Each structure stands twice: as C-alpha cells, then as structure tokens.
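Residue numbers (full-length UniProt numbering): 1 to 275.
Ideal Cβ placement from N, Cα and C applies to all residues, glycine included.
Note that this is a predicted model, so its numbers are computed, not measured.
1) Taking the alpha helix (DSSP H) that residue 26 belongs to, which residues open and close that run?
2) By Cβ distance, which residues of its chain are closer than 6 Å to residue 150, with the 5 residues on each side in sequence left out?
3) Looking only at C-alpha atoms, which of 45, 15, 13 sits nearest to residue 250?
4) Should residue 255 and residue 170 be called a contact, given that it needs their Cβ atoms to be closer than 8 Å?
5) Are the region 34-50 and the region 79-86 in contact at 8 Å, needing three or more beta carbon pairs?
6) Would you mind stating whether residue 91 and residue 33 have Cβ atoms separated by less than 8 Å?
7) So, are the CB atoms of residue 192 and residue 239 less than 8 Å apart?
8) Thinking C-beta only, is residue 47 closer than 8 Å to residue 67?
9) Do you know whose CA, among 189, 197, 53, lies nearest residue 132's CA?
10) Pick helix, strand or coil for residue 151, following the three-state DSSP scheme.
11) As a quick exercise: from 127, 119, 185, 15, pick the residue whose alpha carbon is nearest that of residue 205.
12) With a CB to CB cut of under 7 Å and the five nearest residues on each side skipped, what residues in its chain are close to residue 153?
13) Starting from residue 95, trace the alpha helix (DSSP H) in both directions and tell me its first and last residue.
14) In chain order, what residues of the same chain lie with their CB nearer than 8 Å to the CB of residue 165, ignoring the 5 residues before and after it?
15) Would you kindly check if the distance between the Cβ of residue 129 and the Cβ of residue 89 is under 8 Å?
16) In whole angstroms, give me the CA-to-CA distance for residue 71 and residue 80.
17) Please report the distance separating the alpha-carbon of residue 283 from that of residue 163.
18) Taking C-beta to C-beta, are residue 135 and residue 185 nearer than 8 Å?
Structure follows, in structure tokens:
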C-alpha cells in the first residue's frame with residue numbers, strides 16, 4: 001500500500017519552489033491577478049451596493065444583517081461569473097507549470113497570462129476558462145457574504161463604542177477589514193481546494209462537471225486524507241486578509257469622497273419649487 005505524501009508547510013513548499021524553479025517562480029500567475037484585480041473589485045463593490053439598495057428597508061432605509069449577508073452572496077456570485085473564474089483558471093495553469101524561470105532555454109507552455117488565455121481557448125475552447133465556475137461562485141459567494149457581514153457588524157460595534165465619531169479612522173477600517181477578510185477562507189477552505197484541483201486539470205471532452213467533482217473529491221480522500229481539503233489555508237489567509245484590509249480602507253475613503261458630491265433628490269425638488 002502506497003504511503004501518503006509527506007506533509008509540508010507552506011514555507012517548506014516555498015523553499016522547494018525556489019530551489020527547483022528560482023525565486024521568480026513565487027510570482028507565477030501574478031499577471032492574471034493584476035489584470036483581474038481592478039475589474040473584480042469594481043464589480044464586487046458596485047454589485048454589493050446595488051444588491052444592498054434592493055434589499056434595504058424601503059421605509060427606514062436601514063440595511064439589516066440578513067440583507068448585508070445576501071447582498072454579499074450576490075456580489076460574490078456576480079464577480080465569480082464575470083471575472084474571477086477565468087482569472088483563476090489562467091492563474092492556476094501558470095502556477096502549475098514546473099519550469100525554471102531563471103533558464104531562458106526552459107520555455108513553458110504558457111509564457112504569460114495573455115498567452116495562457118489564448119492557448120487555453122485555442123486548444124480547449126472558451127468553456128475551459130469557466131471550469132469550476134459553480135464552485136468558484138460558491139466560494140466567492142460565501143467569501144463575500146461572510147466578509148461583508150463581519151465587516152459591517154464590526155463597524156457598527158466600533159461606531160457604537162465611539163459615539164463621538166461620525167466615521168471610523170482609517171486604521172480601524174484596516175484592522176476590521178483584515179479580520180473580516182480572514183473569515184472568508186476559514187468558511188470555505190474545502191470548496192477552494194476542490195475548485196483549484198478541477199481548474200488545474202486539462203479539459204476532458206464529454207466529462208460532466210459532476211463527474212469531475214466526484215473524481216477530485218474521491219481522489220483527495222483516497223490519496224491524501226480529509227485533512228487535505230484544508231491544504232493551503234494558511235497562505236490563503238495571509239494573502240487574502242491583508243488585501244481585504246487595504247481594500248476596505250480604500251473603499252471607505254472613496255465612498256466618503258463620493259458622498260460629498262452626492263445630490264439629494266429632495267433638495268433638487270425643493271430648489272425647483274422655490275424658483
């Protein structure tokens with residue numbers, strides 16, 4: 001009976017990658033992330049605000065915790081379908097290549113994000129960019145539902161504890177943004193692991209999404225054990241939490257700036273009546 005693969009920490013994996021492929025290999029897939037981050041964030045926050053507007057109490061204008069949760073779910077699904085799934089497929093394919101980025105003669109199959117997208121579409125069709133879209137939508141939906149709900153609740157508590165403040169200072173947005181950002185990965189680590197394995201594999205014609213899902217899950221349990229569903233959780237938290245901290249801080253500053261230029265429709269109507 002084959003022994004299970006030895007467990008390695010993410011630091012050990014990083015050292016191994018540097019030894020085999022060079023330090024630049026730690027940045028594989030960065031192009032896909034950078035090119036997708038702006039549209040992803042734009043879609044996430046604009047759709048969240050839109051869904052929140054639909055779900056708020058029409059009489060009081062208040063947004064309940066439940067409404068925030070479902071607005072986050074909707075925002076996660078929207079960004080997953082429009083941006084995140086193709087971006088993840090490209091990123092994962094680039095990261096899965098084992099080649100030395102220090103050796104110019106070691107030419108990989110995918111040279112960069114744009115070349116990876118072109119090659120995947122040419123060889124496997126456009127649908128290959130949407131492999132794992134259901135699991136990606138589920139991951140992003142749970143991520144953003146937990147993320148936005150935790151952030152908004154912590155924000156309410158901090159404002160209640162500081163009644164003299166109309167708005168929180170940036171450093172507090174930074175802290176609660178990081179804390180809420182860490183909760184998403186904790187809530188859906190198995191989903192992310194299964195999704196990554198599915199997207200990393202080559203497209204098999206005629207194979208249904210359910211078959212891929214079952215094969216990946218059974219393979220993980222059989223070869224690596226149930227703990228493998230939580231592989232990569234630590235580096236994912238270390239990546240996501242700081243990013244969410246900065247994102248929420250910037251979001252709050254931009255939102256406050258936009259609010260300064262917002263015109264109340266009632267003021268416009270009153271001004272028209274007084275003329």
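Short version:
1) Where residue 26 is concerned, there is no enclosing alpha helix (DSSP H), given that its DSSP letter is neither H nor E.
2) 180, 183
3) 45
4) no
5) yes
6) yes
7) no
8) no
9) 197
10) helix
11) 127
12) 65
13) 85-96
14) 159
15) yes
16) 14 Å
17) Outside the shown range of the chain (1 to 275) lies residue 283, about which nothing can therefore be said.
18) no
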